[in-house]
Amino acid sequence: MILSKILSRIAIISMILILFMNPATAYQTNVNVNAPEKADNDFSVIIEIENVTDLDSGQFDLHFDPALVRVTGIDDGTIAKTTIPIADWASVSKNTIRVLFNLPDIDGVSGTGTLATIHFETIVPGDCVIDVSDGLLVNTMAQVIPANWNGVRSVVPNIPVSTDEAEHKTPGPGPLFLISAIAAAFLVSRKKE
0 MILSKILSRI AIISMILILF MNPATAYQTN VNVNAPEKAD NDFSVIIEIE
50 NVTDLDSGQF DLHFDPALVR VTGIDDGTIA KTTIPIADWA SVSKNTIRVL
100 FNLPDIDGVS GTGTLATIHF ETIVPGDCVI DVSDGLLVNT MAQVIPANWN
150 GVRSVVPNIP VSTDEAEHKT PGPGPLFLIS AIAAAFLVSR KKE
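The opening residue of the sequence shown carries number 0 in numbering that gives the first Met the number 0; numbering runs sequentially from there.
Laid out in structure tokens, this is it:
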């Protein structure tokens, strides 16, 4: 009877420790292009982001038909009332621009909002196909944030972790077992007294 109570307590303590030490990401980060279906007049495209955590910087490529439209400017984004400053943007090819953004502080930002607003001039009216690719989001620990880009899951490269970052990683099950064993020993010794 006493042993089963001790084992129950060990199991409960272990589960609580695992939950607090390894929190799962509750929401998936999504990035979407909000663009009109047809280019009739000058228009803007908004790059929307949902459920991001500790965003620090990133980039994306925006593809369009240069025979139909031309980029005239880009405005900063906003997440949770924090401005997402556009660090730079440039043409990568005739039909692609690359947009870079970077928050100046190391605090990062979490929430839902926009990464940028891209303004277009219509050259010839027609069907407007604007797509995003090569998206990269980086958090305040210089780690890639996995995200769905316009419905396509980004591939997270295998980035080596420096020794400084490794020191801040969440411990695995080994330390949790040790903590549980110490808690069990403490509970057993208290029952004997």
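Heads up, the beta-carbon is just placed ideally off N, CA and C, and yes, glycines get one too.
Say whether chain E places a C-beta atom closer than 7 Å to the C-beta of residue 114.
-> Among the chains in the structure shown there is no chain E, since it carries only a single protein chain.
Near residue 107, which residues of its chain fall below 7 Å by C-beta distance, leaving aside the five closest residues on each side in sequence?
-> Taking the sequence shown and counting its residues from 1, one reaches residue 107 at position 108. The answer, listed in chain order, is 53, 54, 55, 138, 139.
Starting from the Cα of residue 31, find the closest Cα among 48, 43, 135, 94 and give me that residue.
-> As a first step, residue 31 must be located in the sequence shown, where it is residue number 32. Nearest option by C-alpha distance: 48.
Are the segment 61 to 81 and the segment 115 to 127 touching, with three or more C-beta to C-beta distances below 8 Å?
-> Touching, yes.
With a threshold of 16 other CB atoms inside 10 Å of the CB of residue 34, please say whether the residue is buried or exposed.
-> In the sequence shown, residue 34 corresponds to position 35, counting from 1. Per the 10 Å Cβ criterion, buried.
CB-CB under 7 Å to residue 39, same chain, minus the five flanking residues each way: which ones, in chain order?
-> In the sequence shown, counting from the first residue as 1, residue 39 sits at position 40. Counting only Cβ-Cβ distances below 7 Å, and skipping sequence neighbours, we find 121, 124.
In or out: residue 1 buried (at least 16 other Cβ within 10 Å) or exposed?
-> To locate residue 1, count along the sequence shown from 1; it is residue 2. By the Cβ neighbour-count rule, residue 1 is exposed, with fewer than 16 other Cβ atoms within 10 Å of its own.
How many Å lie between residue 61 and residue 95 at the Cα?
-> Residue numbering aside, residue 61 sits at position 62 when the sequence shown is read from its first letter. Residue numbering aside, residue 95 sits at position 96 when the sequence shown is read from its first letter. Looking at the two C-alpha atoms, the distance is approximately 5 Å.
Boundaries of the beta strand (DSSP E) in which residue 137 is found, first to last residue = By 1-based counting over the sequence shown, the position of residue 137 is 138. Element bounds for residue 137: 130 to 138.
Roughly how many whole angstroms lie between the Cα atoms of residue 110 and residue 59?
-> Start at 1 with the first residue of the sequence shown, and residue 110 comes out as number 111. Start at 1 with the first residue of the sequence shown, and residue 59 comes out as number 60. Answer to the nearest angstrom: the Cα atoms are 19 Å apart.
Exposed or buried, which one is residue 57 when buried takes at least 16 other CB atoms within 10 Å?
-> As a working note, residue 57 is residue 58 in the sequence shown. Counting the other Cβ atoms within 10 Å of the Cβ of residue 57 gives 16 or more, which makes it buried.
Alpha carbon to alpha carbon, how far is residue 148 from residue 112?
-> The count along the sequence shown starts at 1 and reaches residue 148 at position 149. The count along the sequence shown starts at 1 and reaches residue 112 at position 113. Note on geometry: alpha-carbon atoms of residue 148 and residue 112 lie some 14 Å from one another.
Could you tell me the distance, in whole angstroms, from the CA atom of residue 29 to the CA atom of residue 144?
-> Here residue 29 refers to the residue found at position 30 of the sequence shown. Here residue 144 refers to the residue found at position 145 of the sequence shown. For residue 29 and residue 144, the gap between their C-alpha atoms comes out near 10 Å.
Where does residue 105 sit, in a helix, a strand or coil, going by DSSP?
-> For the purposes of this step, residue 105 is taken as residue 106 along the sequence shown, with counting starting at 1. Three-state result, residue 105: coil.
Could you please give the first and the last residue of the uninterrupted beta strand (DSSP E) stretch that includes residue 49?
-> Sequence index remark: in the sequence shown, residue 49 carries index 50 (1-based). First-last of the beta strand (DSSP E) with residue 49: 42 to 62.
Near residue 81, which residues of its chain fall below 6 Å by C-beta distance, leaving aside the five closest residues on each side in sequence?
-> As a first step, residue 81 must be located in the sequence shown, where it is residue number 82. Excluding sequence neighbours, residue 81 sits near 108.
Cα-Cα separation between residue 105 and residue 141, rounded to whole angstroms | Indexing the sequence shown from 1 puts residue 105 at position 106. Indexing the sequence shown from 1 puts residue 141 at position 142. Whole-angstrom Cα-Cα distance: 10 Å.
Could you check the C-alpha separation between residue 75 and residue 116 for me, to the nearest Å?
-> Position 76 of the sequence shown, counting from 1, holds the residue named residue 75. Position 117 of the sequence shown, counting from 1, holds the residue named residue 116. Their backbone Cα atoms lie some 7 Å apart in a straight line.
Is it the case that the Cβ atoms of residue 71 and residue 118 are separated by a distance below 7 Å?
-> As a position in the sequence shown, residue 71 is number 72, starting the count at 1. As a position in the sequence shown, residue 118 is number 119, starting the count at 1. The Cβ-Cβ distance between residue 71 and residue 118 falls below 7 Å.
Just the C-alpha distance for residue 135 and residue 87, rounded to the nearest angstrom, thanks.
-> Numbered from its first residue, the sequence shown carries residue 135 at position 136. Numbered from its first residue, the sequence shown carries residue 87 at position 88. Straight-line spacing of the CA atoms in residue 135 and residue 87 works out to 15 Å.
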